[in-house]
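Residue numbers (numbering that gives the first Met the number 0), protein chains in the order written: chain A, 0 to 160; chain B, 0 to 178; chain C, 0 to 398; chain D, 0 to 344. So the structure is just underneath, and the comments pick up after that.
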Amino acid sequence: MTASKASEVLSRGTIRGKDGALVINTTVEELVNVARELKELGYTHVVSITAIDYPQENKIVLVVHASLYEASDDRPKVVEIRTELNRESPVAPTLTGVWPSAEFQEREAYDHFGIVFDGHPDLRRVLLLEEDFKGVYPLRKDFVVPEEGIEYKEGWGELRG
Amino acid sequence: MNQVTASSQNRYAVKSVGARLSLVEKAVWHARALALGFKRLVFPIRHTHRYPYVRAIPSARNYRGMIVLLDEKCNGCSLCARVCPAAALKMITVEQGEKRPVINYERCVFCGYCVDICPTEALYHTNVHDLVFMNRDSMIFMLDRFTKEPEEPEHVKKVRVVLDEERGLRYVPVGSDSE
Amino acid sequence: MTIPAQAITTRRIAKDVLELHVGPQHPGSGHMRFVIRLDGDIMVEVDPDIGFVHRTMEKLAENREWLKAQPLFERMAILDAANVTIGYFLALEKLLDIEPPPRAKYIRTILCEISRIASHLYGFGILGIFLGHSTAYMWFFGDREVFIELAERLTGQRLTYSFFLPGGVRRDIPTGFKDDFEKAARYIEKRLKEYEAIFMNNPVIRVRVEGVGVLTKDMAVRLGVVGPNARASGVKHDIRVEEPYDAYPELDFEVPVYKEGDALARFLQRVDEIRESLKIIRQALKAMPNGPIIHERYLRMYTKVMKEVLETQGRAKIPAAMINLRPPAGEAYARAEAARGEYFYYLVSNGGTKPYRARVVSPSFRNVLLFKYLMPGYRLADFPAIYGSLDYFPPEADR
Amino acid sequence: MGVIATLIDLLMWPPVFYLVIFPGFIFTFVLLIILIWAERKVAGRIQMRYGPLEISPRLAGALQLVADLLRYLTQEIIIPRRADRFPYFIAPIAAFVLGMLPIVAIPFSPHYYPIPMNDSILIAAALTTIPPLLTILAGWASNNKFSVIGGARESYLTAAYEAVILISIASIVLAYSTLDFTKAVMLQEQITWGILLNPIAALAMLVGIMMATSRFPFEIVEAEPEVVMGPYTEYSGIMYGLCMGISYVRMFVYNLIFTLLFLGGWHPAGLISTGSFVVDSILVPGAIVATKAIVLSLVMVFARSVYGRYRIDQALAAGWGFWFVIALLSLVVSIGVKAIIGWRA
Numbered sequence: 000m001t002a003s004k005a006s007e008v009l010s011r012g013t014i015r016g017k018d019g020a021l022v023i024n025t026t027v028e029e030l031v032n033v034a035r036e037l038k039e040l041g042y043t044h045v046v047s048i049t050a051i052d053y054p055q056e057n058k059i060v061l062v063v064h065a066s067l068y069e070a071s072d073d074r075p076k077v078v079e080i081r082t083e084l085n086r087e088s089p090v091a092p093t094l095t096g097v098w099p100s101a102e103f104q105e106r107e108a109y110d111h112f113g114i115v116f117d118g119h120p121d122l123r124r125v126l127l128l129e130e131d132f133k134g135v136y137p138l139r140k141d142f143v144v145p146e147e148g149i150e151y152k153e154g155w156g157e158l159r160g
Numbered sequence: 000m001n002q003v004t005a006s007s008q009n010r011y012a013v014k015s016v017g018a019r020l021s022l023v024e025k026a027v028w029h030a031r032a033l034a035l036g037f038k039r040l041v042f043p044i045r046h047t048h049r050y051p052y053v054r055a056i057p058s059a060r061n062y063r064g065m066i067v068l069l070d071e072k073c074n075g076c077s078l079c080a081r082v083c084p085a086a087a088l089k090m091i092t093v094e095q096g097e098k099r100p101v102i103n104y105e106r107c108v109f110c111g112y113c114v115d116i117c118p119t120e121a122l123y124h125t126n127v128h129d130l131v132f133m134n135r136d137s138m139i140f141m142l143d144r145f146t147k148e149p150e151e152p153e154h155v156k157k158v159r160v161v162l163d164e165e166r167g168l169r170y171v172p173v174g175s176d177s178e
Numbered sequence: 000m001t002i003p004a005q006a007i008t009t010r011r012i013a014k015d016v017l018e019l020h021v022g023p024q025h026p027g028s029g030h031m032r033f034v035i036r037l038d039g040d041i042m043v044e045v046d047p048d049i050g051f052v053h054r055t056m057e058k059l060a061e062n063r064e065w066l067k068a069q070p071l072f073e074r075m076a077i078l079d080a081a082n083v084t085i086g087y088f089l090a091l092e093k094l095l096d097i098e099p100p101p102r103a104k105y106i107r108t109i110l111c112e113i114s115r116i117a118s119h120l121y122g123f124g125i126l127g128i129f130l131g132h133s134t135a136y137m138w139f140f141g142d143r144e145v146f147i148e149l150a151e152r153l154t155g156q157r158l159t160y161s162f163f164l165p166g167g168v169r170r171d172i173p174t175g176f177k178d179d180f181e182k183a184a185r186y187i188e189k190r191l192k193e194y195e196a197i198f199m200n201n202p203v204i205r206v207r208v209e210g211v212g213v214l215t216k217d218m219a220v221r222l223g224v225v226g227p228n229a230r231a232s233g234v235k236h237d238i239r240v241e242e243p244y245d246a247y248p249e250l251d252f253e254v255p256v257y258k259e260g261d262a263l264a265r266f267l268q269r270v271d272e273i274r275e276s277l278k279i280i281r282q283a284l285k286a287m288p289n290g291p292i293i294h295e296r297y298l299r300m301y302t303k304v305m306k307e308v309l310e311t312q313g314r315a316k317i318p319a320a321m322i323n324l325r326p327p328a329g330e331a332y333a334r335a336e337a338a339r340g341e342y343f344y345y346l347v348s349n350g351g352t353k354p355y356r357a358r359v360v361s362p363s364f365r366n367v368l369l370f371k372y373l374m375p376g377y378r379l380a381d382f383p384a385i386y387g388s389l390d391y392f393p394p395e396a397d398r
Numbered sequence: 000m001g002v003i004a005t006l007i008d009l010l011m012w013p014p015v016f017y018l019v020i021f022p023g024f025i026f027t028f029v030l031l032i033i034l035i036w037a038e039r040k041v042a043g044r045i046q047m048r049y050g051p052l053e054i055s056p057r058l059a060g061a062l063q064l065v066a067d068l069l070r071y072l073t074q075e076i077i078i079p080r081r082a083d084r085f086p087y088f089i090a091p092i093a094a095f096v097l098g099m100l101p102i103v104a105i106p107f108s109p110h111y112y113p114i115p116m117n118d119s120i121l122i123a124a125a126l127t128t129i130p131p132l133l134t135i136l137a138g139w140a141s142n143n144k145f146s147v148i149g150g151a152r153e154s155y156l157t158a159a160y161e162a163v164i165l166i167s168i169a170s171i172v173l174a175y176s177t178l179d180f181t182k183a184v185m186l187q188e189q190i191t192w193g194i195l196l197n198p199i200a201a202l203a204m205l206v207g208i209m210m211a212t213s214r215f216p217f218e219i220v221e222a223e224p225e226v227v228m229g230p231y232t233e234y235s236g237i238m239y240g241l242c243m244g245i246s247y248v249r250m251f252v253y254n255l256i257f258t259l260l261f262l263g264g265w266h267p268a269g270l271i272s273t274g275s276f277v278v279d280s281i282l283v284p285g286a287i288v289a290t291k292a293i294v295l296s297l298v299m300v301f302a303r304s305v306y307g308r309y310r311i312d313q314a315l316a317a318g319w320g321f322w323f324v325i326a327l328l329s330l331v332v333s334i335g336v337k338a339i340i341g342w343r344a
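Take a look at the structure:
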């Protein structure tokens, strides 16, 4: 690994002022390469793989946070990789080949957002049951959780089981 | 790349669990374990009390128990219902369009947000936190019950928890000298 | 949308392998299920099936105002409520661009460390009962009560503290708290010696945990393990040091790291952390500055009644504006070191009164990989020993 | 009238009276209830709590076990559909009864025994080896994976502890040169207690008993976090209660044997003489033997409060690799003892 290459990957991103994370915007094709280069730089594991749903813009943003143990210099401790996916059929390459720690995180993103990770060794739902949530991905914005108002109604609330 | 920043690296102390126990050490630790067990048989520490017959009264100054409404202070601003994270407080309309909160203890999580947000201090916590209800509907406290302190069961010995250096916790009867 | 029907998979089992379903109704499983494949007495494959106590907290948080997420997230790991929610408030404060006053920071640290001790004692108790040691179980749980009592005196609630506010805390330190803590600390220091005789150096327990479930440093790094489990494998990683928050940068403490990575090392690492936590609280109580316990931005909104309550009862009222917090649009992450490891919060605000997205990654969810990769090769009887030593808490993983 | 008289006669017939009333079924049962209550109280005291107290608080919760028994009796017995019914039912009942059976060969005083026999030690030792087979049978008949694993564990352990126990018995028998309990106790009255004659055999047998009766740290067969309840996983109601009782019955019986072989049996009883046959020859020696066995059992259940449980391979290694050797060593000790006291016996 050379210093120039290191700076190349890191310079692609911008430091976010609020929390000091390095934000790298990338594409589906580039995702694995970016991940691989980050791993070579010492970002040994993923902290979180999740997504944010933007139904108006018809996109789902895959957000990967990678981090390092035993930080030895003043590099950003957390790197955030953002990838825009097509909301109709979100498919992303798996990162389990780069970071084995991504296994359950990707399963969870599949579970909650329906993002299919291409090449994942064991892509099953992890937290929800397929029988109850067939084709439904609860963390997308079109899944609405009903909430009660603050006015008293006879028998308390419409959601009282 | 491997420059170690002294301040953070010094925070870690690397240790080892040590070697496996030898036969003699094993015998010694067997004896010590048995001796300690016997010691605690003779001089027990007890952290339980006979709960329904003996009740520990919380010592916390701001204990978050069941909530009581002071009707005359309330101005019906509905902040308590809006801040309630569990939708346990809801507003009911009384005469002249005035609003008052009512509470459903089936849902209440005793976070105390409502008491802390009330701008007129019309809500306060009692020390009671463990009443028994016979059905779910009786857990809804309308104004008649919400404005009174909950009745405590009779024939209950009340104790207070005292932290103790030797025994961890001690229970002393409420009103005794050592309290 | 084309999604392969991969949810229900059938797998062939090798001829000489016994498939054992441990859980969710099994005395040794917790709220989860393990599909264990046994070759004789040796586990060859372990498939952790989690989600039995999943509540989709990330979705529920999107439907609530920022402040209301606290009682919700607390319920991930109710035994460690302070450390669980502190990360959320750190992230929220980054979004709001405020920082709590020094006294509030110290109070937060004190509560977090009390919570850490209580949580570790809970974990020891589970390890004790998994190894069949009922006395250790009762002792650890009984002594945990002392720290629950301390936390109750500080926060007013035994477990679900809901203690933090954006830019502050809800209660000031009560009078006599220092004495109470000193008593509790001396008591637990004595008891730690007794634990040594009855549990950790008890030859029966030692042979059960020594050299069992060895997690090498390399494997720990590869699997992204966090918390005491990583530190017991020689990974020098603690958020309190790496990204210090609250009063930690001003306090002197050390983080124990063990080289071995077996169940015993994981246990002893936590025992040492209890000692360090006592040290931290002692220092914090001594060095705690005077001053407000809530950020002045909110203190300015206080009415006369509210100020009086704060002064006489040490209870910080919540200004009405706090329900309608509108952090500027943007994202922020925050990490906090809980008893089981690193909590990661990633909050996205669109300038509204509710989070647009609240991402939580709990340490147990990250450590769940260990079941899959650490267990195979050990005996069935080692399953509870490894499980107990990982201090895994299913509701925390499921969120 | 005649029927009742016949029944009473039958009950008072010495072998039946011995087996059913004292020191057989009823007596053992009462002792067991006291023993389990004492175990729970001791454990509660050490473990920072009260132990059973809700039922009969004035008797310190002593009736809790009776309440538990009533609860078991009124509970539904659920039989798994796939269980093999006959062995499933017969296994725990037979194990309970056969666990008590060695009492036929155990005398409680020189004059009080059910069947006079010259080889009572041999018979008692042989009968103690039957219940483990039924435990294995229970595990197999339940048709449950956890039960099968538990049964397999029992089968491994049986081989380990039976060897230790039987060799220990053999070595002390070698020292006494008799297979009769009565003679063995009389010999101990003359010389000294067996535990002093051959302490190694006594220690090995004690550990063997703890392994045989699932005492901690050898509570491996029913290890809860691993195999739920081992061979007894599928039992419910009173069947489960029986299963729980088996190990206690066996422990008590083993401890009676141990008392007679190593703790001098009814030893100081000869010092008391009131002139009454019932008091001198039955009640006092019987009480002494029972007390010794109960105290020994309490020491064994005390281990629950101090230890966790071993892994199966560690227990087997301890059984074969250490205690088996120790038991063999005790044979040598017995030969030595025999050489010294041989002329007196």
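We treat Cβ as the ideally placed atom computed from N, Cα and C, and that holds for glycine.
- Residues 52, 53, 54, 172 of the same chain have their beta carbon placed closer than 8 Å to that of residue 156 (chain B), with the five preceding and five following residues left out of the count.
- Residue 181 (chain D) sits in a helix when the DSSP states are folded into three classes.
- Take the alpha-carbon of residue 224 (chain D) and the one of residue 24 (chain A): they are about 48 Å apart.
- In terms of Cβ geometry, residue 397 (chain C) and residue 49 (chain C) form a close pair [threshold 8 Å].
- Residue 167 (chain D) and residue 326 (chain D) do touch by the CB rule: their CB atoms are close to 5 Å apart, below 8 Å.
- Around the beta carbon of residue 150 (chain A), a 10 Å sphere encloses fewer than 16 other beta carbons of the protein chains shown; the residue is thus reported as exposed.
- Contiguous beta strand (DSSP E) elements confined to the segment 296 to 375 of chain C occur at 329 to 337, 340 to 348, 356 to 360, taking only those with 3 or more residues.
- The C-alpha of residue 109 (chain B) lies about 7 Å from the C-alpha of residue 64 (chain B).
- With respect to residue 83 (chain C), residue 337 (chain C) sits close: the two C-beta atoms are nearer than 8 Å.
- Distances from the CA of residue 97 (chain A) to each of C:179, C:357, C:138, C:223 were compared; the closest alpha carbon is that of C:223.
- Taking C-beta separations shorter than 6 Å and ignoring five residues to either side along the sequence, the partners of residue 11 (chain A) in its chain run 23, following chain order.
- Per DSSP, the beta-bridge partners of residue 103 (chain B) are B:139.
- Take residue 201 (chain C), set aside five residues on each side of it, and the residues of its chain with a beta-carbon closer than 8 Å to its own are 132, in chain order.
- Interface annotation, residue 69 (chain B): not in contact with chain D, CB-CB separation never under 8 Å.
- For residue 301 (chain D), the neighbours in chain B by C-beta distance under 9 Å run, in chain order, 33, 36, 37, 40.
- Here the segment 105 to 117 of chain A makes contact with the segment 130 to 145 of chain A; the two share three or more CB pairs at distances below 8 Å.
- In the DSSP annotation of this structure, residue 167 (chain B) is not part of any alpha helix (DSSP H); the continuous beta strand (DSSP E) holding it starts and ends at 167 to 172.
- Judged by their CB atoms, residue 267 (chain C) and residue 41 (chain B) are not nearer to each other than the 8 Å cut-off.
- By the 16-neighbour rule on beta-carbons within 10 angstroms, residue 6 (chain D) is exposed.
- If only uninterrupted alpha helix (DSSP H) runs of at least 4 residues are considered, those enclosed by the segment 198 to 262 of chain D are 198 to 211, 223 to 226, 236 to 261.
- For residue 202 (chain C), the secondary structure class from DSSP, reduced to helix, strand or coil, is helix.
- The residues 93, 95, 105, in chain order, have a CB closer than 7 Å to that of residue 119 (chain A) in the same chain once the five nearest residues on each side in sequence are set aside.
- In this structure residue 289 (chain C) is in contact with residue 102 (chain C), their Cβ atoms being roughly 6 Å apart against a cut-off of 8 Å.
- Straight-line spacing of the CA atoms in residue 334 (chain C) and residue 238 (chain C) works out to 7 Å.
- Proximity of chain B to residue 255 (chain C) at the Cβ level (cut-off 9 Å) is accounted for by 11, 12, 13, 14, in chain order.
- Under DSSP, residue 42 (chain C) forms a beta bridge with C:37.
- When 7 Å is used as the limit between beta carbons, residue 18 (chain A) is near these residues of chain C: 93, 331, 332, 333, in chain order.
- Distance from the CA of residue 86 (chain A) to the CA of residue 57 (chain A), rounded to the nearest whole angstrom, comes to 6 Å.
- Residue contact with chain C for residue 75 (chain A): absent (no Cβ-Cβ distance below 8 Å to any residue of chain C).
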